[in-house]
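Enquirer: One structure, as structure tokens, below. Some questions next.
Number of protein chains: 2
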Amino acid sequence: MELTGKNLIGNEESGKGITTFFAKNPATQEYLSTRFFEATTSEVDESVAKAKNAFHIYKAKSNEERAVFLETIAENILELGDTLIKKCMLETALPEARLTGERMRTVNQLRMFASVVREGSWIDARIDTAIPGRQPVPKPDIRQMQIPLGPVGIFGASNFPFAFSVAGGDTVSALAAGCPVIVKAHPLHPGTSEMVGKAILKAARQTKMPEGIFSLVQGISNEVGMAIVNHPEIKAIGFTGSFKGGKAIFDAANSRAVPIPVFAEMGSVNPVFILPGALKERNEIIAKGLIGAVSIGVGQFCTNPGLVVTLKSDDAKQFLQNLKISNSENPSGIMLSEQIKNNFSKGTQNLLSSENVSLISSGSGEETGNRVNPKVFSTDFETFINDGSLSEEVFGPSTLLVSTNNKSEMLQLAAKLEGHLTATIHGTEKDLNEYSELIHILEQKVGRLIFNGFPTGVEVCHSMVHGGPYPATTAPQSTSVGTAAIKRFARPICYQDFPQSVLPEQLKDNNPLKIWRMINGEMKK
Amino acid sequence: MELTGKNLIGNEESGKGITTFFAKNPATQEYLSTRFFEATTSEVDESVAKAKNAFHIYKAKSNEERAVFLETIAENILELGDTLIKKCMLETALPEARLTGERMRTVNQLRMFASVVREGSWIDARIDTAIPGRQPVPKPDIRQMQIPLGPVGIFGASNFPFAFSVAGGDTVSALAAGCPVIVKAHPLHPGTSEMVGKAILKAARQTKMPEGIFSLVQGISNEVGMAIVNHPEIKAIGFTGSFKGGKAIFDAANSRAVPIPVFAEMGSVNPVFILPGALKERNEIIAKGLIGAVSIGVGQFCTNPGLVVTLKSDDAKQFLQNLKISNSENPSGIMLSEQIKNNFSKGTQNLLSSENVSLISSGSGEETGNRVNPKVFSTDFETFINDGSLSEEVFGPSTLLVSTNNKSEMLQLAAKLEGHLTATIHGTEKDLNEYSELIHILEQKVGRLIFNGFPTGVEVCHSMVHGGPYPATTAPQSTSVGTAAIKRFARPICYQDFPQSVLPEQLKDNNPLKIWRMINGEMKK
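If you read the protein sequences in the order shown, they are chains A and B. Those letters in the first sequence? Residues 1 to 525, per the working numbering, in order. Those letters in the second sequence? Residues 526 to 1050, per the working numbering, in order.
Here's what the structure looks like:
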């Protein structure tokens, strides 16, 4: 596929702007050859105008038609084959196995949402039938369902060029809900974005979806994204990225004449609590697992475990040794960009600027260019609790061990945590009984609690919650991974005393779609 | 019941502040005798501290215990008998029949939420079971459910002293979800609020609920409410009232160090579209019904129909005559306060300040004190579309008829509407077919669409949506009436690979609560 570097405004390739940029190979720090055109405000406006038109047509498509559209996107992404993986490797320096895995995850995600759309019950149909003779006033017939919000703006993330980017979880859940999507491509992988964007547009044409159902805009400056956020016809925003970026979008969206919801996932430190029994039984295994979770993807995961809490003991000393051993031959990895690498360096330097924080291990590789070694730091409870900067996320392969003197300090530390995506507990069943208070505290802090595992795998399934209290997200009542993510892009409406002929299929008496519905309070199909 | 005028901080009656105020009888404009103490910031802090403690205990209560608590509140409110109704009449000047009806609605609402809690499926349990042998990585066991947010602040509304006030829809849905509640009483009915607050606290003691599960604070200044909104331990806000008030709370909540969701229902103009066939068939009936809906409760309903759109025709001329006839003997009614009456006067004067708006009818009563007559205004399409001030809500018994020249103008008017709680269409089935585009436009504008009825009755049922796009609410993805309102005060969490012994009842394999759950994508019980 020949890249043009242009914005995809519906079916039109458009490069009207004067600002252009090039992607850079993070491994060699050389610029790649395609010149990308930053979208102008009028190009953004055009994409939104097309999306608004498309919305009314797309709304009327059947569940089956929408499902086939999503499945066709999946097929078209697979059809790009090695070319896509190669381009993405050049832009991100992520290894081939990781990228083929992530592509499969993305493709399966599209298929899973297709099945959710086809099944159809997600719209939460509720029917209360009339009681015309009720005293003192008749009871009307009321029927509720979820309807799509309208055109949605999605920001691609740097760290998952497939799964959280152009055809990632935000895009697919918005399309599944019935919303046209305008994606702001992440400037660290604009070529990958163009290829995937074209796969989506091809699927739209193949399945006769209206032009404007999808657009892709490129850009390196904040203006492009903000033009989307501030456009009056944009009804919601999906974002995965930094706290700074997410917060700026959240504030802008709330300052609009008509505020809109922002579903921003802004990363997290993902604390891991290792309880005494587990440390005795599985010391080496946990150490190995933790080092693996810290360094996978060069630590560039929202669910990277950046904080580990243990209790002072001989087992804890042994654990430190095991971490050193596990990390000692860990190779260095190439971060996604020079800026991300520099931020990682600053973050780790900040940890060391506290005199009671020590670097206990740094992997074995060379740290040239954007290459960094996985790092393990340690400190004590007093230091951690009194220095707020130590609990900030260091994006990259780094974790900080905090040694507490007793259970009370561990609970105190947990209670002081801000909102995170996940928290993990390693323990025996006996540990869990003794530390039940810890579970109760952590339930208030996170979207996902993991037992005897690591947070870095985020399963795409019906039950996943990839979310959590602020500042992990701006929307703790939602998830950005898993099928429940579709709910973000819909809202309820009810119809009172509407004739059968005019009601949506989902709410007709004879239930033509055979979906689950709540009828006078009872679930029926 | 002897009123003390004090704040109810958990079980403690507290009046530490120096600001005090009295309620006023809107009919006589005389002050009532009880002196009420505005809550101090430290009293608010104390109520939140007690709520935080109560949260951990309340969370552990069974569904049955919570349900009995809600039912006991209902019984205690009924037990207050005539004393409550009499006090409320003095404070609001609303007629007895209206208030006994509203009390029954409130009591039934408490019982309906009790049944939702007892049934238990609302927490949306989802279970995906493990596949340990899956390639390339094992599939973990993931289980999701909704958990309560924590202490919630609720603002009582002036216009529904029972149903949208101390024990109203916001309070009951928050308590049902598992959240302690702090109510800021509306200063127009502080005595009614104290009585209902004590009924709630009595129920809490009777059913052994923790102190702090409920507190009631009084106040006339904004500081009291803002102290609740800005308290770091408050996790969400429920509000029904003016746009100005709701917007101020929304902005404050978004400016907190940790922003919180604000479920503010801020009123609406509730447009009514009368299509040609309906106007021919039911001209007089619709006119009578409309005048009834405009004047019920002296027009002080969020769902008051303040805008009526017709097509120019002889039937429309007849309709105007029928409205005049219906309204001609309509008595005046007493508004809730002098300020509300003054705002109504300003609003109606503003309508008349446009030279193309005429007052076509004003009821037959005397307009002394806080008494106002129901008023019907009319204008043409051009005037309405070019003067934005004409589409603003006039809170009270007033409606504005807009005559359009053709279908295209009617659709244009609909497309220009902001977000509203409701829209109503009067039509024949033939009308609906011809005006299907109107339905599509209105679906984008409102939370509830009514056919051949009036918006003023808001049925409390599973399917109700009392909400809608901004500026009708700050949270278009929710409803503040009906059982789905419970979702506002909860968020999802998931447990990964947790042992059965530690999982919440709702997520255990053997489904001890016998609730509906989604298991590997299929609904099961």
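Heads up, the beta-carbon is just placed ideally off N, CA and C, and yes, glycines get one too.
1) Is it the case that the Cβ atoms of residue 435/A and residue 275/A are separated by a distance below 9 Å?
2) Please decide whether residue 482/A counts as near chain B, where near means a Cβ-Cβ distance under 9 Å.
3) Which of the three DSSP states is assigned to residue 1054/B in this structure?
4) With a Cβ-Cβ cutoff of 9 Å, do residue 299/A and residue 239/A count as a contact?
5) Taking C-beta pairs closer than 7 Å, name the residues in chain B that residue 479/A reaches, listed in chain order.
6) Identify the continuous beta strand (DSSP E) that holds residue 1006/B and give its terminal residues.
7) Return the CA-CA distance between residue 493/A and residue 575/B, expressed in angstroms with no decimal places.
8) To the nearest angstrom, report how far apart residue 974/B and residue 7/A are at their CA atoms.
9) So, is the C-beta of residue 308/A closer than 9 Å to a C-beta in chain B?
10) With DSSP as the reference, label residue 832/B as helix, strand or coil.
11) What are the start and end residues of the beta strand (DSSP E) that includes residue 489/B?
12) Grab me the residues of residue 637/B's own chain with a C-beta within less than 7 Å of its C-beta, minus the 5 sequence neighbours each way, in chain order.
13) Would you mind sorting residue 556/B into buried or exposed? The rule is 16 or more other CB atoms within 10 Å of its CB.
14) Run down chain B in chain order and give the residues with a C-beta less than 7 Å from the C-beta of residue 450/A.
15) For the beta strand (DSSP E) containing residue 668/B, list its first residue and its last residue.
16) Would you report the Cα separation of residue 294/A and residue 173/A, rounded to the nearest angstrom?
17) By alpha-carbon positions, which one of 840/B, 663/B, 572/B, 949/B ends up nearest to residue 1022/B?
18) Can you say whether residue 585/B is buried or exposed, counting buried as having 16 or more other CB atoms within 10 angstroms of its CB?
19) Taking residue 986/B as the query, report the chain A residues whose CB atoms sit under 7 Å from its CB, ordered along the chain.
20) Under three-state DSSP, which class holds residue 380/A?
21) Is the CB-CB distance between residue 265/A and residue 246/A below 9 Å?
22) According to DSSP, simplified to helix, strand and coil, what is residue 624/B?
23) By DSSP, does residue 853/B sit in helix, in strand, or in coil?
24) Relative to the C-alpha of residue 428/A, which candidate in 96/A, 451/A, 400/A, 420/A has its C-alpha closest?
25) What would DSSP say about residue 184/A, mapped onto helix, strand or coil?
26) Determine contact between the stretch 156-163 of chain A and the stretch 550-565 of chain B, defined as no fewer than three beta-carbon pairs at a distance below 8 Å.
27) When you compare the CB of residue 139/A with every CB in chain B, is at least one pair closer than 9 Å?
28) Kindly indicate which three-state DSSP category residue 195/A falls into: helix, strand or coil?
29) Could you tell me whether the Cβ of residue 530/A comes closer than 9 Å to any Cβ of chain B?
30) At what residue ranges does the stretch 912-950 of chain B contain a whole run of the beta strand (DSSP E), taking only runs of 3 or more?
31) Please list, in chain order, the chain B residues whose beta carbon lies closer than 8 Å to that of residue 136/A.
32) For the alpha helix (DSSP H) holding residue 89/A, just list the boundary residues, first then last.
33) Quick check on residue 695/B: buried or exposed, where buried means 16 or more other Cβ atoms within 10 Å of its Cβ?
34) With a CB to CB cut of under 8 Å and the five nearest residues on each side skipped, what residues in its chain are close to residue 44/A?
35) Out of curiosity, what's the CA-to-CA distance linking residue 832/B and residue 947/B?
36) May I ask which residues mark the beginning and end of the alpha helix (DSSP H) holding residue 532/B?
Expert: Let me spell this out:
1) The beta carbons of residue 435/A and residue 275/A sit closer together than 9 Å.
2) yes
3) In the structure as shown, chain B begins at 526 and stops at 1050. Residue 1054/B is therefore absent and cannot be evaluated.
4) Contact flag unset, no.
5) By Cβ distance, chain B contributes 1017.
6) Looking at the DSSP string, residue 1006/B is not in any beta strand (DSSP E), and its letter there is neither H nor E.
7) 37 Å
8) 39 Å
9) no
10) strand
11) Residue 489/B lies beyond the residue range present for chain B, which begins at 526 and ends at 1050; the question has no answer from this structure.
12) 985, 1008
13) By the neighbour-count rule (16 or more Cβ atoms within 10 Å), residue 556/B is not buried but exposed.
14) Against chain B, the beta carbon of residue 450/A has neighbours under 7 Å at 1021, 1022, listed in chain order.
15) 667-673
16) Roughly 29 Å between the two C-alpha positions.
17) 663/B
18) exposed
19) 128, 142
20) strand
21) Cβ distance < 9 Å, so residue 265/A and residue 246/A count as in contact.
22) helix
23) helix
24) 451/A
25) strand
26) At 8 Å Cβ cutoff, the stretches do not touch.
27) yes
28) helix
29) Since the displayed chain A opens at 1 and closes at 525, residue 530/A lies outside it and no answer follows.
30) 923-929
31) 626
32) 81-92
33) Classified as buried, residue 695/B has 16 or more neighbouring CB atoms from the shown chains inside 10 Å of its CB.
34) 182, 217, 224, 227, 228, 231
35) Residue 832/B and residue 947/B have their C-alpha atoms spaced approximately 11 Å apart.
36) Segment 532-534 is the beta strand (DSSP E) holding residue 532/B; no alpha helix (DSSP H) there.
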